[in-house]
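**Student:**
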């Protein structure tokens, strides 16, 4: 045994960690361990089943009883593999009969029910101790870690059972639909007839399969517990480091000599760096190609294939659930009946209302809390805003537009004003026009419109007479307002006449 | 075994097996975590299961006197205890449910940070996948075959069950005059010498001498005095304390 060859990190661990190391050890060599276990145990299981065909329970009991005999093989493999000498499957199987020799009877009879079996096994098999020496050794080893070894076996029992039932459940679940089975559990439980023998043997076979998975791990855990106990007792980790330290210090002198020797020998020219090569001339397309090639690879581009499951076609043929109308036991039913008494019905109703209220309030709270979020996603297109009726401007160009501020007969009023206040007269006409445009023709005039824009609006009305009049009036108005040129009396007369013909006739109609 | 067995052919091709899980932080600090395997986790789960059963049993008996209300409250309670027991304890109690606390376990994220709500919810919701088809069949197999002992829920949530760091008792180093070695020691060698001094109480006297004798030649002392010498070196490494 050379500790430096160990294929595991040797250091003192807690007992549970030691078991974890066993699991890792079994995982590392799982193919070898499981196949060797299967090759040894399954033929023997088949043989036992054939011999005891009529007694399946006895068959599985005998098989279970023989477990310590099988366990010697994984222990042998693990002990070899620990120091890097993993045997092949053939070598291991050839060793098995030899392994069975030591104290097989004891391990199959009075030591069969020892809960720390896996922990103790290496003492017999690897150390080859027997009798008094073995007792003493166990006394030392079991001062600690024995409790953990017992727990290991207890967990193992439960795990075996769970896995066994699980495998049977899997088998039942994977029965094809075509195999019409109307198995009744009562019938199965009471079946003592020949018909169900094969089923019992099948479940025994499941147990044998589960052992293929679990037993190597169980043995490895016991073995690593044993290793850990010895590591603690004998400070294996310290020995390992001390030996390496001695080796390092021993070779230090040699290294020093070597270093001096290397310094003396002149370095050969080959060791020097090469002359820098002249840079290759790069053409633009070649460079862009090279850049593209570079960009196609990491770290610039990291292609990733994502495979996801998606919902396929909906199966409409939903199988009706088998309604195993399980009846409750009588005591439970009576309990429920008692609970249904009227005393608490009202209270229960209150609670129910409260809980429903809580749920609704919760949903409301969430909706309120995330209202902005909801708003952003739910009502993306806002409802068409009703175009607000633009308030009619009460003033244009600083002129009052209200109908009530204008005289009834604008033309006559203007005629009277022409002589004394021509500005007022023209202003009155223009005001009147704008007022008419606003109220009678519903032109969307704004406070900011210029005279030209008003004319533009008028042009859209398709009313040539009105347009001509507006044009005329605007020109005179602008001339007066900005140029202080009073229209000629003829023009004054024309404007009034036009006004009358345009608006008074309309009013008459 | 012949001493020339260590030929290149015998060299270990891979790193030796260990139960440690190393995390390197951005600052370059190595955090060794120790993932916990199936056995302590099974015991922790068993404890939690028993505790939950006890709580539910007692409360159900109390609720049985309340009729329909009791059934309603009992259903809510059943829901809370079966779905939230683990989550609440893990998130609010630094990754420890009571069972894990007793077994010295803890749930953390893969990078060693404390577990959060989403990870805890995922790993505990997926318990029901691990339980399929009976009694943690899939979970146990996954746990036994994963290098860091993760069940399916742990794989999905990116969590890890580790052993908690337990407070250390102050070790006793034997009295000896402090010494300095004329050559430099590497970190693991310093640790080994300190470990030698600290663990002498657990080792038999013969084994102690045997171990110390390995280093007698480099220390240039007689094998009989090697133990004392090493203890002195350990004192020297420890410094005045």
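Chains as they are written, first to last, in this note's numbering: chain A, 1197 to 1705; chain B, 808 to 1048.
We put the beta carbon where it would ideally sit given N, CA and C, even for glycine.
Which of the three DSSP states, helix, strand or coil, is assigned to residue 1211 (chain A)?
**Tutor:** In the first chain, the residue the question calls residue 1211 (chain A) occupies position 15. In this structure, residue 1211 (chain A) counts as helix in the three-state DSSP scheme.
**Student:** Are the C-beta of residue 913 (chain B) and some C-beta of chain A separated by less than 9 Å?
**Tutor:** On the second chain, residue 913 (chain B) is found 106 positions in, with the first residue counted as 1. So no, residue 913 (chain B) is outside the interface.
**Student:** Note down, in chain order, all residues in the segment 1427-1445 of chain A with a beta-carbon under 9 Å from any beta-carbon belonging to chain B.
**Tutor:** Those residues of the segment 1427-1445 of chain A that come within reach of chain B (Cβ to Cβ, closer than 9 Å) are 1428, 1429, 1430, 1431, 1433, 1434, 1435, 1436, 1437, 1438, 1439, 1440, 1441, 1442, 1444 and 1445.
**Student:** Residue 1213 (chain A) and residue 970 (chain B): beta carbons closer than 9 Å?
**Tutor:** Locating residue 1213 (chain A) in the first chain gives position 17, counting from the first residue. Locating residue 970 (chain B) in the second chain gives position 163, counting from the first residue. Yes; because the gap between Cβ atoms is below 9 Å, this pair is in contact.
**Student:** For residue 982 (chain B), which of helix, strand or coil comes out of DSSP?
**Tutor:** As a working note, residue 982 (chain B) is residue 175 in the second chain. It is coil, neither helix nor strand.
**Student:** If contacts are defined as beta-carbon pairs under 8 Å, then residue 1686 (chain A) and residue 1625 (chain A) qualify, I think. What distance do you get, rounded to the angstrom?
**Tutor:** Position 490 of the first chain, counted from the start, is the residue given in the question as residue 1686 (chain A). Position 429 of the first chain, counted from the start, is the residue given in the question as residue 1625 (chain A). Wrong, their Cβ atoms sit about 15 Å apart, outside the cutoff.
**Student:** In whole angstroms, give me the CA-to-CA distance for residue 1217 (chain A) and residue 1417 (chain A).
**Tutor:** If you number the first chain from 1, residue 1217 (chain A) lands on position 21. If you number the first chain from 1, residue 1417 (chain A) lands on position 221. Roughly 7 Å between the two C-alpha positions.
**Student:** Counting only the same chain and skipping the five closest in sequence on each side, list residues whose C-beta sits under 6 Å from that of residue 1303 (chain A).
**Tutor:** Within the first chain, numbered from 1, the residue matching residue 1303 (chain A) stands at position 107. Correct list, in chain order: 1264.
**Student:** Ordered along the chain, which non-local residues of its own chain (more than five positions away) have a Cβ less than 7 Å from that of residue 1725 (chain A)?
**Tutor:** Not covered by the structure: residue 1725 (chain A). The range shown for chain A is 1197 to 1705.
**Student:** Once you ignore the five residues that flank residue 924 (chain B) on each side, which residues in its own chain have a CB closer than 7 Å to its CB?
**Tutor:** Residue numbering aside, residue 924 (chain B) sits at position 117 when the second chain is read from its first letter. Cβ within range, chain order: 898.
**Student:** What are the residues of the segment 1009-1021 of chain B that lie near chain A, defined by any Cβ-Cβ distance shorter than 7 Å?
**Tutor:** Those residues of the segment 1009-1021 of chain B that come within reach of chain A (Cβ to Cβ, closer than 7 Å) are 1009, 1010, 1014, 1018 and 1021.
**Student:** Quick one: Cα of residue 1559 (chain A) to Cα of residue 1552 (chain A), how far?
**Tutor:** Indexing the first chain from 1 puts residue 1559 (chain A) at position 363. Indexing the first chain from 1 puts residue 1552 (chain A) at position 356. Answer to the nearest angstrom: the Cα atoms are 11 Å apart.
**Student:** DSSP on residue 829 (chain B), reduced to helix/strand/coil?
**Tutor:** Position 22 of the second chain, counted from the start, is the residue given in the question as residue 829 (chain B). Correct three-state label for residue 829 (chain B): strand.
**Student:** Note down, in chain order, each residue of its chain lying with its Cβ closer than 7 Å to the Cβ of residue 1632 (chain A), except the 5 sequence neighbours on either side.
**Tutor:** Translated into the one-based positions of the first chain, residue 1632 (chain A) becomes position 436. Correct list, in chain order: 1699.
**Student:** At which residues does the beta strand (DSSP E) containing residue 914 (chain B) begin and terminate?
**Tutor:** One-based indexing of the second chain puts residue 914 (chain B) at position 107. Where residue 914 (chain B) is concerned, the enclosing beta strand (DSSP E) stretches over 912-916.
**Student:** Count the other C-beta atoms from every protein chain shown that fall within 10 angstroms of the C-beta of residue 1427 (chain A), then say buried if there are 16 or more, exposed otherwise.
**Tutor:** Here residue 1427 (chain A) refers to the residue found at position 231 of the first chain. Classification for residue 1427 (chain A): buried.
**Student:** Can you list, in chain order, the residues of the segment 838-867 of chain B whose Cβ is nearer than 8 Å to any Cβ on chain A?
**Tutor:** Per Cβ criterion, the list reads 841, 842, 843, 844, 845, 846, 847, 849 and 850.
**Student:** Counting along the chain, where does the beta strand (DSSP E) carrying residue 837 (chain B) start and finish?
**Tutor:** By one-based count along the second chain, residue 837 (chain B) stands at place 30. 837-840 is the span of the beta strand (DSSP E), which, as asked, contains residue 837 (chain B).
**Student:** What number of angstroms, rounded off, separates the C-alpha of residue 1434 (chain A) from the C-alpha of residue 981 (chain B)?
**Tutor:** What you label residue 1434 (chain A) is simply residue 238 of the first chain in a count that begins at 1. What you label residue 981 (chain B) is simply residue 174 of the second chain in a count that begins at 1. Roughly 17 Å between the two C-alpha positions.
**Student:** Any Cβ of chain B within less than 9 Å of the Cβ of residue 1210 (chain A)?
**Tutor:** Position 14 of the first chain, counted from the first residue, corresponds to residue 1210 (chain A). Yes, residue 1210 (chain A) counts as interfacial toward chain B.
**Student:** So, with DSSP's three-state summary, where would you put residue 862 (chain B)?
**Tutor:** Residue 862 (chain B) sits at position 55 when you count from the first residue of the second chain. Helix, per DSSP.
**Student:** If you draw a straight line from the alpha carbon of residue 984 (chain B) to that of residue 1042 (chain B), how long is it in whole angstroms?
**Tutor:** Here the question's residue 984 (chain B) lines up with position 177 in the second chain. Here the question's residue 1042 (chain B) lines up with position 235 in the second chain. Near 7 Å, if we compare the C-alpha coordinates of residue 1042 (chain B) and residue 984 (chain B).
**Student:** May I have a chain-ordered list of the alpha helix (DSSP H) segments no shorter than 4 residues that lie completely inside the segment 1404-1454 of chain A?
**Tutor:** As far as the segment 1404-1454 of chain A is concerned, it has no whole alpha helix (DSSP H) run of at least 4 residues.
**Student:** What three-state label does DSSP hand residue 921 (chain B) in the structure shown?
**Tutor:** The residue you call residue 921 (chain B) lines up with position 114 of the second chain. Residue 921 (chain B): strand per DSSP, three-state reduction.
**Student:** Does any CB atom of chain B fall closer than 9 Å to the CB of residue 1565 (chain A)?
**Tutor:** Taking the first residue of the first chain as 1, we reach residue 1565 (chain A) at position 369. No, because no Cβ of chain B sits closer than 9 Å to the Cβ of residue 1565 (chain A).
**Student:** At the 9 Å Cβ level, is residue 987 (chain B) part of the contact set with chain A, yes or no?
**Tutor:** Stepping through the second chain from its first residue, residue 987 (chain B) is reached at position 180. No - not a single Cβ of chain A is within 9 Å of the one on residue 987 (chain B).
**Student:** Against chain A, with Cβ distances strictly below 9 Å, would residue 999 (chain B) count as a contact?
**Tutor:** For the purposes of this step, residue 999 (chain B) is taken as residue 192 along the second chain, with counting starting at 1. Yes - at least one Cβ of chain A is within 9 Å of the one on residue 999 (chain B).
**Student:** Excluding five sequence neighbours on each side, which residues of the same chain lie with their C-beta closer than 8 Å to the C-beta of residue 1008 (chain B)?
**Tutor:** Position 201 of the second chain, counted from the first residue, corresponds to residue 1008 (chain B). Only 979 meet the Cβ criterion.
**Student:** Would you call the segment 1638-1645 of chain A and the segment 1653-1661 of chain A touching, i.e. three or more CB-CB distances under 8 Å?
**Tutor:** Result yes; three or more Cβ-Cβ pairs closer than 8 Å.
**Student:** Going by DSSP in three states, residue 966 (chain B) sits in which element: helix, strand or coil?
**Tutor:** Here residue 966 (chain B) refers to the residue found at position 159 of the second chain. If DSSP states are grouped into helix, strand and coil, residue 966 (chain B) belongs with the strands.
**Student:** Would you list the one or two residues that DSSP bridges to residue 1204 (chain A)?
**Tutor:** Here residue 1204 (chain A) corresponds to residue number 8 of the first chain, with the count starting at 1. Looking at the DSSP assignment, residue 1204 (chain A) forms a beta bridge with B:824.
**Student:** Should residue 955 (chain B) go down as buried or exposed, given a rule of 16 or more other Cβ atoms within 10 Å for buried?
**Tutor:** Your numbering for residue 955 (chain B) matches position 148 in the second chain. When all chains shown are included, residue 955 (chain B) counts as buried.
**Student:** Mapping the DSSP letters down to three states, classify residue 1724 (chain A) as helix, strand or coil.
**Tutor:** Lying before the first or after the last residue shown, residue 1724 (chain A) is absent from chain A, which here runs from 1197 to 1705.
**Student:** Please state whether DSSP places residue 951 (chain B) in a helix, a strand or coil.
**Tutor:** Counting from 1 along the second chain, the entry for residue 951 (chain B) is found at position 144. If DSSP states are grouped into helix, strand and coil, residue 951 (chain B) belongs with the helices.
**Student:** Classify residue 1542 (chain A) as buried or exposed, calling it buried when 16 or more other Cβ atoms lie within 10 Å of its own Cβ.
**Tutor:** To locate residue 1542 (chain A), count along the first chain from 1; it is residue 346. The residue is exposed, with fewer than 16 neighbouring Cβ atoms inside 10 Å.
**Student:** Compare the C-alpha of residue 909 (chain B) against each of B:848, B:966 and B:961 and name the closest.
**Tutor:** By one-based count along the second chain, residue 909 (chain B) stands at place 102. It is B:848.
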